[in-house]
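*Asks:* Below is a structure I'd like to ask you about.
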Amino acid sequence: MSHPTIRRYFEAFNAGDTEGMLGCLAEDVAHHVNEGAVRVGKDKFRAFCDHMSRCYREELTDMVIFEAEGGTRAAAEFIVNGTYLATDEGLPEARGQTYRLPAGSFFSLEGDKITRVVTYYNLADWMRQVG
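For the sequence shown, my numbering gives the first residue as 12, with consecutive numbering after it.
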């Protein structure tokens, strides 16, 4: 059985519902992005989501969610199906390129709130697809 908070988090992601995602997070959530510094807190997570929504349109498919015994850790693997909408600083120019990437996320949970989100994907593969 997959953790209901993780399922709600990904359903909100696919719906483009940042507030729904934020509702799944602890106030002091630690967000570890694939490239860059750890962002702590909902405000920084919201700013990240706003930036991502401006530059990318993504839908996650082929989702498999795993839950560790005790419900305090979870992981998911999925395919990111995306469109590069606006040029992101330091990356190739956006021209509406599409991409398809395998990716994974890891979570820590306390009760029904996510306290840590870690996401990984192959940046070199993404660059090849949009370059």
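All residues carry an ideal CB built from backbone N, CA and C; glycine is no exception.
Report yes or no: do the stretch 46–66 and the stretch 75–84 share at least 3 C-beta pairs separated by less than 8 Å?
*Replies:* These segments do not touch.
*Asks:* To the nearest angstrom, report how far apart Arg-68 and Thr-94 are at their CA atoms.
*Replies:* Taking the straight line joining both Cα atoms gives about 5 Å.
*Asks:* Which residue's Cα is closest to the Cα of Gly-155: Arg-65, Ala-37 and Ala-105?
*Replies:* With the chain covering only 12 through 142, there is no way to say anything about residue 155.
*Asks:* Assign Met-138 to one of two classes, buried (16 or more other C-beta atoms within 10 Å of its C-beta) or exposed (fewer than that).
*Replies:* Classification for Met-138: exposed.
*Asks:* Pull up the distance between the alpha-carbon of Phe-56 and that of Ser-64, whole angstroms please.
*Replies:* Approximately 12 Å between the Cα atoms of the pair.
*Asks:* Going by DSSP, name the residue or residues bridged to Ala-41.
*Replies:* DSSP output for Ala-41 lists Val-51 and Arg-127 as bridge partner(s).
*Asks:* Look at the alpha carbon of Val-51 and the alpha carbon of Lys-124, and state the distance between them as a whole number of angstroms.
*Replies:* Taking the straight line joining both Cα atoms gives about 14 Å.
*Asks:* By alpha-carbon positions, which one of Leu-120, Tyr-110, Asp-39 and Thr-98 ends up nearest to Gln-140?
*Replies:* Closest by alpha carbon: Tyr-110.
*Asks:* Run the CB neighbour count on Val-128, radius 10 Å, all protein chains shown included, and call it buried at 16 or more, exposed below.
*Replies:* With 16 or more other Cβ atoms within 10 Å, it is buried.
*Asks:* For the alpha helix (DSSP H) that Thr-29 lies in, which residues bound it at each end?
*Replies:* Counting along the chain, the alpha helix (DSSP H) containing Thr-29 begins and ends at 29–33.
*Asks:* Under the assumption that Ser-116 contacts Ala-87 (Cβ atoms under 8 Å), give the Cβ distance between them as a whole number of angstroms.
*Replies:* With 8 Å as the limit, Ser-116 and Ala-87 qualify as a contact, their Cβ atoms being about 5 Å apart.
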